[in-house]
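**Student:** Sharing a structure, written as structure tokens. Questions coming.
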Amino acid sequence: MKASEKSHNTPESENSKFLYLGIVVNHKDLNFKASNSYTAWIFWFGDYRVSKVKHKDLCHFGQHFHRFYERKRRSVSHNWHKGVLEAIKEYGSPDTSEYNQEELICYAEKEFRGNSGHKTSITKFVLEKLRSIRDKNQENNVDEDSKVGASNEVKEMLDLIINESKSKEDICLACYSTDVVDYHPLFEGSICINCKNKLKRTYFVFGDDNIKYFCAVCACLGNMVVCSRRGCGLVYCSHCLDDLCSPIIRRNIIKQDPWLCFICNPSAEYPNSLIKSRYDWKDKIQILFSQNSPISNRPSIPELKKPIRVLSLFDGIGTGLTALSKLNITVECYYSCEIDYNSIAVAKKNYPGGITLLGDVRSLTEENIKSILPIDLLLGGSPCNDLSLANPYRKGLYDIEGTGVLFFEFYRILTNIQMYNSRSFFWLYENVASMSVQSKVSITRFLQCEPQYIDAAWVSSQSRPRLFWGNLPSLQDQLFIEDGPNLQHYLLPGRKAAVEKLRTVTTKSNSLKQGSEMRCAVFTSSNSEETNIDIIELEEIFGFPRNYTKVEDLTKNTRQQLLGRAWSVQTICMLFRCLQDYFKQYE
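Per the UniProt record's numbering, the very first residue in the sequence shown carries number 1; after that it's consecutive.
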């Protein structure tokens, strides 16, 4: 029995830092190619997927269970918890075959301490899942995350569709399965449930260049052709172009500069092409990400994009406005509720005339809210000090003398906007990941949606795990790729990083120290002397320009405190990229 910390093909999240539970399986049970000497095929519990993982990224399930389960159990998905229980049951079989959830966890707590034994047999449950994967793989001719070319049988079926002897609606446009459940949201044709879910997870996964990672047709990785229109970001893999158009068309597309894709230029003629955009694809994407909660209803993608109107509660130093600016989204007005004098000074210095201050969030009345409507985006991250488990004196969510209760100010304003706004709007609420289960459940009950766990380490060189609630399409069941630079990327010349990623930076100066020995994160190249992160390096690590917090009379310690309370700009950009589909951008 194995677990993986860093596999590039683990379920739910590429390059994930979570512990995923799986078991080494024989490639012959899957009709896959044999793995090489430094990799193994792993079946993942919970997701029932198989992927190839390097041996160095695997660790023993029993030996490492306690360390990872306690750290992650409060902040990860239902599938992860289901996978843990299935893995325990598999590990202890046949003794655990009839155990309930509580009994399985008790078994693990008792049996796994110091246990280094290895599971040598595989249960009927896993063998049946492997057989299902093998059968589906043979049907679709797909054995990895990257799509492979169509089989001769599939090519014959595609020819029948081109000759109008068979309907395009009868096959999944992404994997060519005939087990279709819905229409493909972007292109004429259908889609199977697996590919629909995959497209949903990957649709808003962008790189730093605003180009998407995954093919718009099949949601797979591979060699991509990129649309040239600024702001589109759609990519098309070579296999989809070869199979659904032709190799000749693909080569002609590559020669075009610029090339506008099937969505951006639907009138382009591609003889016998099966990739044709839907005229109502924006509505179909909207439906794909629709939510049932009335508080989570989001706007439709407009034909004519307008500037965005924002209300930011607990605004701090203006992270939200910085992220919108980086994404070139035109802001009509940005209302800010903030009471910290230094935070206000920093925001006003960087955005003179660009922020309308509304004062204390507790003083924002119903009439005040009506006067600034309509609002397109509501942001808020109430203070986390009284919610964080790191604070032994935390007062929790309901103590009126603490700051945790400020969450209810966000909820009050959210419901007021929902009541009086003339149009649907987006909203986002953030708080610390290390809160109690009770606080997390209470916030979720009020906001009527589950939080998404996101760590800034995925897109920057600082670990900053947070929970995000909201109705942004990029939050719903999305895949997040860890593609962030290491600490060395942000350092000034003549300085070397002692660690790849900083631990979470807080308002306390000792948060800049690393590890149990509290060592400095940087040393000089000349004499290897340890030194602290410079404040302008820290600003860039958070995603702000250099000297963003440099305001007259502010000490470096005060500037660090301001950053320690801020959001990661890179994280917010990752979440806000979906807004480019809805609001006007400037060149």
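Here a beta-carbon is modelled for each residue, glycine too, at the ideal position from N, C-alpha and C.
Since we're looking at a predicted model, the values are computed, not measured.
Here's the rule: buried if 16 or more other CB atoms are within 10 angstroms of the residue's CB, otherwise exposed. What is R445?
**Tutor:** Classification for R445: exposed.
**Student:** When the Cα of N510 is compared with those of T531, L491, Y411, which residue comes out closest?
**Tutor:** Comparing Cα positions, the closest option is T531.
**Student:** Quick check on this structure: which residue in P185, D170, L186, F187 has the alpha carbon closest to the alpha carbon of D179?
**Tutor:** Checking every option, the nearest Cα to that of D179 belongs to D170.
**Student:** Is it buried or exposed, Y398, if we count other Cβ atoms within 10 angstroms and call 16 or more buried?
**Tutor:** Y398 should be labelled exposed.
**Student:** Identify whether N431 lies in helix, strand or coil by the three-state DSSP scheme.
**Tutor:** Strand, per DSSP.
**Student:** Count the other C-beta atoms from every protein chain shown that fall within 10 angstroms of the C-beta of M419, then say buried if there are 16 or more, exposed otherwise.
**Tutor:** Exposed: under 16 other Cβ atoms inside 10 Å.
**Student:** Could you spell out where the alpha helix (DSSP H) holding Y411 opens and where it closes?
**Tutor:** Y411 -> alpha helix (DSSP H) spans 407-420.
**Student:** Answer yes if the region 430-443 comes into contact with the region 461-471, meaning at least three C-beta pairs across the two stretches below 8 angstroms, and no otherwise.
**Tutor:** Enough Cβ pairs lie closer than 8 angstroms, so yes.
**Student:** Quickly, what does DSSP pair F523 with across the bridge? List them, please.
**Tutor:** Answer by DSSP bridge pairing, in chain order: K496, E530.
**Student:** Specify whether the region 334-353 and the region 555-564 touch according to this definition: at least 3 beta carbon pairs, one from each stretch, less than 8 angstroms apart.
**Tutor:** Output reads yes: the region 555-564 touches the region 334-353.
**Student:** Below 8 angstroms CB to CB, which residues in the same chain sit around W281 once its five sequence neighbours on both sides are set aside?
**Tutor:** The residues are P185, L186, F187, I263.
**Student:** Buried or exposed, going by whether 16 or more other CB atoms sit within 10 Å of the CB of V25?
**Tutor:** So V25 counts as buried.
**Student:** Please go through the same chain and pick out, in chain order, the residues whose beta-carbon is closer than 6 angstroms to the beta-carbon of N272, but skip the five residues on each side of it.
**Tutor:** Answer for N272: I162, listed in chain order.
**Student:** Leaving out five residues before and five after P374 in sequence, what residues of the same chain have Cβ atoms less than 8 angstroms from its Cβ?
**Tutor:** Excluding positions up to five away in sequence, the list reads R309, N421, S422, R423, F425.
**Student:** So, for K395: in the same chain, excluding its five sequence neighbours on each side, which residues have a beta-carbon less than 7 angstroms away from its beta-carbon?
**Tutor:** Taken in chain order, the residues that qualify are D386, E401, G402, G404.
**Student:** Would you mind listing the alpha helix (DSSP H) stretches within the region 537-587 that are 4+ residues and don't spill past its ends, in chain order?
**Tutor:** Listed in chain order, the complete alpha helix (DSSP H) runs (minimum 4 residues) inside the region 537-587 are 556-564, 569-576.
**Student:** DSSP three-state call for Y183: helix, strand or coil?
**Tutor:** Y183 falls in the strand class under three-state DSSP.
**Student:** For R362, which of K348, D376, S336 has the nearest alpha-carbon?
**Tutor:** If we check each option's Cα against that of R362, S336 comes out closest.
**Student:** Taking the CB atoms as reference points, tell me whether C215 and Y183 lie closer together than 8 angstroms.
**Tutor:** No, the pair does not count as a contact, with Cβ atoms beyond the cut-off.
**Student:** From S436 to K370, what distance separates their C-alpha atoms?
**Tutor:** Cα-Cα distance, rounded: 35 angstroms.
**Student:** Return the CA-CA distance between E144 and I133, expressed in angstroms with no decimal places.
**Tutor:** Here the model assigns E144 a pLDDT of 45, short of 50, so the residue's position is not dependable and the matter cannot be decided.
**Student:** If you follow the beta strand (DSSP E) that G320 is part of, which residue opens it and which one closes it?
**Tutor:** Looking at the DSSP string, G320 is not in any beta strand (DSSP E); the run it does join, the alpha helix (DSSP H), is 319-326.
**Student:** How would you call G515, buried or exposed, if buried means at least 16 neighbouring beta carbons within 10 angstroms?
**Tutor:** Exposed, because fewer than 16 other Cβ atoms sit within 10 Å of the Cβ of G515.
**Student:** Tell me where the alpha helix (DSSP H) around I369 begins and ends.
**Tutor:** It spans 366-372 - the alpha helix (DSSP H) in which I369 sits, taken as one unbroken run.
**Student:** Just verifying my parser: in three-state terms, what is the DSSP assignment at K110?
**Tutor:** Correct three-state label for K110: helix.
**Student:** Excluding five sequence neighbours on each side, which residues of the same chain lie with their C-beta closer than 6 angstroms to the C-beta of G83?
**Tutor:** Closer than 6 angstroms at the Cβ level, and outside the excluded window around G83, lie L21, F45, G46.
**Student:** Answer with buried or exposed for residue 588, where buried requires no fewer than 16 other C-beta atoms within 10 angstroms of its C-beta.
**Tutor:** Only positions 1 to 587 of the chain appear in this structure, which leaves residue 588 out of reach.
**Student:** Alpha carbon to alpha carbon, what distance is there between C232 and D553?
**Tutor:** Cα to Cα, D553 sits roughly 44 angstroms from C232.
**Student:** Between the C-alpha atoms of C573 and S460, what's the straight-line distance to the nearest angstrom?
**Tutor:** Distance between the alpha carbons of C573 and S460 is about 12 angstroms.
**Student:** Measuring alpha carbon to alpha carbon, tell me which of L221, L311, S388, L492 ends up nearest N368.
**Tutor:** With distances taken between Cα atoms, N368 lies closest to L311.
**Student:** Per DSSP, which residues does G380 bridge with? Please list them.
**Tutor:** Note: G380 sits in a beta bridge opposite L313, Y429.
**Student:** Measure the Cβ-Cβ separation of F314 and G381 and say whether it is below 8 angstroms.
**Tutor:** Their beta carbons are under 8 angstroms apart, which means F314 touches G381 by this criterion.
**Student:** Identify the continuous beta strand (DSSP E) that holds E332 and give its terminal residues.
**Tutor:** That run of the beta strand (DSSP E) goes 331-337.
**Student:** Provide the residue(s) that pair with L467 in DSSP beta bridges, ordered along the chain.
**Tutor:** In DSSP, L467 forms a bridge with N431, Y453.
**Student:** Taking the runs of the alpha helix (DSSP H) that are 4 residues or longer, which of them lie wholly in the UniProt domain "PHD-type" (160-294)?
**Tutor:** With a minimum length of 4 residues, the continuous alpha helix (DSSP H) runs that stay inside the UniProt domain "PHD-type" (160-294) are 193-202, 238-244, 247-255, 281-288.
**Student:** In the DSSP assignment, find the unbroken alpha helix (DSSP H) run with F446 in it and report its ends.
**Tutor:** Residues 437-447.
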